[in-house]
Amino acid sequence: AQSVTQLDSQVPVFEEAPVELRCNYSSSVSVYLFWYVQYPNQGLQLLLKYLSGSTLVKGINGFEAEFNKSQTSFHLRKPSVHISDTAEYFCAVSDPHSGGGADGLTFGKGTHLIIQP
Amino acid sequence: EAGVTQSPTHLIKTRGQQATLRCSPISGHTSVYWYQQALGLGLQFLLWYDEGEERNRGNFPPRFSGRQFPNYSSELNVNALELEDSALYLCASSPGTTYNEQFFGPGTRLTVL
Numbered sequence: 046a047q048s049v050t051q052l053d054s055q056v057p058v059f060e061e062a063p064v065e066l067r068c069n070y071s072s073s074v075s076v077y078l079f080w081y082v083q084y085p086n087q088g089l090q091l092l093l094k095y096l097s098g099s100t101l102v103k104g105i106n107g108f109e110a111e112f113n114k115s116q117t118s119f120h121l122r123k124p125s126v127h128i129s130d131t132a133e134y135f136c137a138v139s140d141p142h143s144g145g146g147a148d149g150l151t152f153g154k155g156t157h158l159i160i161q162p
Numbered sequence: 132e133a134g135v136t137q138s139p140t141h142l143i144k145t146r147g148q149q150a151t152l153r154c155s156p157i158s159g160h161t162s163v164y165w166y167q168q169a170l171g172l173g174l175q176f177l178l179w180y181d182e183g184e185e186r187n188r189g190n191f192p193p194r195f196s197g198r199q200f201p202n203y204s205s206e207l208n209v210n211a212l213e214l215e216d217s218a219l220y221l222c223a224s225s226p227g228t229t230y231n232e233q234f235f236g237p238g239t240r241l242t243v244l
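Here it is as C-alpha cells:
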C-alpha cells in the first residue's frame with residue numbers, strides 16, 4: 046500500500062517570505078502526485094498535479110512543486126506568501142495502474158501553513 | 132460549470148441513529164468518491180462508485196454504505212452511528228479517465244452526540 050508523509054504538521058512563515066512544504070511518498074513504481082489546499086470550513090481545491098513529463102509543475106496561486114523520483118519527494122514551494130495562503134495543504138498520491146481510482150487517493154496528514162504579518 | 136455539491140452542510144445526530152449524506156458530481160463525471168476527514172486521522176478513503184456500481188471501499192465497517200443513482204449522484208449512509216463517526220465527509224467526482232484527478236465538494240459536517 047502507498048503512503049504519504051508530510052513531515053511538518055505546521056509551518057509558520059512571515060508574509061512575503063518563501064515557503065516549502067515537504068512531501069515524501071513510499072511507492073517505488075510510477076505514481077501520480079497531487080497537492081490540494083483546504084481553506085477553513087471548505088472542501089479541497091486542487092493546486093497542482095504531476096502525471097508525467099516535466100518534473101517542475103506549476104499550479105494556481107503562484108505555487109509550484111518539483112517531482113524527484115530518486116528521493117520520492119514532491120515538495121511544494123511558493124516564492125512569496127500572502128496572508129490569504131493560510132490554509133491546510135495536503136499531498137496525495139495515486140497509482141496510475143489502479144484502473145480509474147480503485148484505491149482512491151492516499152493523502153498525507155496535512156500541513157497547516159500559518160502566515161504571520 | 133457547477134462544481135460538486137453536497138447536502139446537507141451540517142448534520143447532527145445521536146448515537147445509534149442513521150445518517151444520509153448526498154452528493155451531486157460535476158456534469159459528465161461518472162465516478163464518485165467518499166472520504167472521511169476526522170480530527171487527528173486525516174483524510175481516509177471510504178467508497179468509490181462508478182457507473183452505478185460500488186467498485187471499492189476503504190477500511191471501514193459495513194455500516195458505512197451507499198449507492199450511486201442513474202444520474203451519477205450518490206448517497207452515503209452511516210448506520211448505528213457512533214461518536215467517532217463525527218467528521219467532515221467529503222465527496223469527490225472524477226470523469227473516470229485513466230488518471231485520478233478528483234474534484235471535491237465542500238463537505239458535510241456530521242456531528243454525533
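Which chain is which? The protein sequence lines are A and B, in order.
For the first sequence, the residue numbers in my numbering are 46 to 162.
For the second sequence, the residue numbers in my numbering are 132 to 244.
Yeah, the Cβ is synthetic: ideal placement off N, Cα and C, and Gly gets one too.
Around the Cβ of residue i, are there at least 16 other Cβ atoms within 10 angstroms (buried) or fewer (exposed)?
| i | result |
| --- | --- |
| residue 160 (chain B) | buried |
| residue 77 (chain A) | buried |
| residue 97 (chain A) | exposed |
| residue 134 (chain A) | buried |
| residue 311 (chain B) | Residue 311 (chain B) is absent from the structure shown; chain B starts at 132 and stops at 244. |
| residue 94 (chain A) | buried |
| residue 129 (chain A) | exposed |
| residue 101 (chain A) | exposed |
Determine whether the beta carbon atoms of residue i and residue j lie at a separation below 9 Å.
| i | j | result |
| --- | --- | --- |
| residue 151 (chain A) | residue 51 (chain A) | no |
| residue 207 (chain B) | residue 168 (chain B) | no |
| residue 91 (chain A) | residue 104 (chain A) | yes |
| residue 123 (chain A) | residue 64 (chain A) | yes |
| residue 49 (chain A) | residue 153 (chain A) | yes |
| residue 56 (chain A) | residue 117 (chain A) | no |
| residue 157 (chain B) | residue 226 (chain B) | yes |
| residue 178 (chain B) | residue 189 (chain B) | yes |
| residue 205 (chain B) | residue 153 (chain B) | yes |
| residue 133 (chain B) | residue 142 (chain B) | no |
| residue 203 (chain B) | residue 183 (chain B) | yes |
Give me the Cα-Cα distance between residue i and residue j, rounded to the nearest whole angstrom.
| i | j | result |
| --- | --- | --- |
| residue 163 (chain B) | residue 107 (chain A) | 29 Å |
| residue 66 (chain A) | residue 239 (chain B) | 28 Å |
| residue 185 (chain B) | residue 165 (chain B) | 11 Å |
| residue 159 (chain A) | residue 62 (chain A) | 12 Å |
| residue 79 (chain A) | residue 110 (chain A) | 9 Å |
| residue 136 (chain B) | residue 214 (chain B) | 25 Å |
| residue 145 (chain A) | residue 126 (chain A) | Since pLDDT at residue 145 (chain A) reaches only 48, below the 50 mark, its modelled position is unreliable, and the value read off the structure follows with that caveat. Approximately 35 Å between the Cα atoms of the pair. |
| residue 194 (chain B) | residue 241 (chain B) | 15 Å |
| residue 60 (chain A) | residue 53 (chain A) | 19 Å |
| residue 219 (chain B) | residue 235 (chain B) | 12 Å |
| residue 99 (chain A) | residue 217 (chain B) | 41 Å |
| residue 119 (chain A) | residue 84 (chain A) | 21 Å |
| residue 233 (chain B) | residue 149 (chain A) | 9 Å |
| residue 237 (chain B) | residue 115 (chain A) | 36 Å |
| residue 140 (chain A) | residue 121 (chain A) | 20 Å |
Thinking just about the alpha-carbon of each residue, which of the options is nearest to the one in residue i?
| i | options | result |
| --- | --- | --- |
| residue 211 (chain B) | B:170, B:138, B:243, B:202 | B:243 |
| residue 136 (chain A) | A:149, A:69, A:64 | A:69 |
| residue 192 (chain B) | B:183, B:203, B:176, B:205 | B:176 |
| residue 72 (chain A) | A:138, A:162, A:149 | A:138 |
| residue 181 (chain B) | B:135, B:216, B:224, B:134 | B:224 |
| residue 131 (chain A) | A:87, A:99, A:74 | A:87 |
| residue 198 (chain B) | B:155, B:236, B:218 | B:155 |
| residue 75 (chain A) | A:85, A:84, A:113 | A:113 |
Using DSSP with H/G/I as helix, E/B as strand and the rest coil, what is residue i?
| i | result |
| --- | --- |
| residue 107 (chain A) | helix |
| residue 129 (chain A) | helix |
| residue 121 (chain A) | strand |
| residue 78 (chain A) | strand |
| residue 174 (chain B) | strand |
| residue 185 (chain B) | strand |
| residue 215 (chain B) | helix |
| residue 91 (chain A) | strand |
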